Amino acid sequence: MNSAIYPGSFDPMTNGHLDIATRSSRLFENLIIAVYKTPPKGALFSTAERVKMVEEATSHLPNIVVEAFSGLVVEAARQRGTMFIVRGLRAGSDFEYEFEMFLMNQKLAPDIEVVALMSALEYQFVSSSRIKEVAQLGGDVTSLVPPGVARMLAERIQMSF
Ligand code: ADP
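Sequential numbering from 0 applies to the sequence shown in numbering that gives the first Met the number 0.
Shown next, in the form of structure tokens:
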């Protein structure tokens, strides 16, 4: 009953995502982290790799399960018997997009609620796209992503040279 779904691309998972996942795992008995099967534009990691990195980063949190999914988030929530969608909000950059998504989801499924958690100060400027950009240019992003992700990023970038 008291469960939520946290959907996202997680390409790659960052410490900002992990913070939202950790905090929501305290709010809900069960948290499903749902990784979009459709890779985002400019994706660096496959669905299986993104699932693996999220699983690894959250393995210490026993009430989190990680799944790949496709289709509508509200349908994924319904299929898993949950009424709550978790999203993270960074100052400025996310609000309009998330509000629009919320209004559309509310039209599609008025019974499903969105729970938006504010990003902690240290993760306000952490985004998957910036991490990829900096890492591909040789910058050190190890303090901004879980250790397993830092390893996978280093391997992937080495492969592309
Ligand atoms: P999507 O393509 O659905 O936005 P993302 O993987 O980019 O997928 O993000 C998933 C969710 O996590 C979104 O709600 C996003 O706003 C949130 N998020 C991403 N980065 C951060 C961060 N640094 N702090 C808090 N929330 C974040």
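All C-beta atoms in this analysis are idealised placements derived from N, C-alpha and C, irrespective of residue type, glycine included. Predicted model, so just to flag it, every value in this text is computed and none were measured.
Check                                                                                                                                                : Outcome
With DSSP collapsed to three states, give me the class of Ser23.                                                                                     : helix
When the Cα atoms are used, what is the spatial distance from Gly80 to Glu132?                                                                       : 37 Å
Classify Asn14: buried if its beta carbon has 16 or more other beta carbons within 10 angstroms, exposed otherwise.                                  : buried
When the Cα of Glu28 is compared with those of Gly87, Ile63, Leu143, Asn104, which residue comes out closest?                                        : Ile63
Do Ala56 and Gly87 have their CB atoms nearer than 9 Å?                                                                                              : no
Give the DSSP bridge partners of Val72, in chain order.                                                                                              : Per DSSP, none; premise fails for Val72.
The beta strand (DSSP E) with Ser127 in it runs from where to where?                                                                                 : Here Ser127 belongs to no beta strand (DSSP E); instead the alpha helix (DSSP H) covers 127-135.
If Arg49 sits next to Val34, beta carbons under 8 Å apart, how far is it from one beta carbon to the other, in whole angstroms?                      : 5 Å
From Gly138, Asp110, Gln157, Met100, pick the residue whose C-alpha is nearest to that of Phe83; which is it?                                        : Asp110
Tell me the start and end of each unbroken beta strand (DSSP E) in the segment 22-103 that is at least 3 residues and wholly inside, in chain order. : 29-35, 63-68, 83-88
Just curious, the beta strand (DSSP E) that Ala115 is in, first and last residue?                                                                    : 112-117
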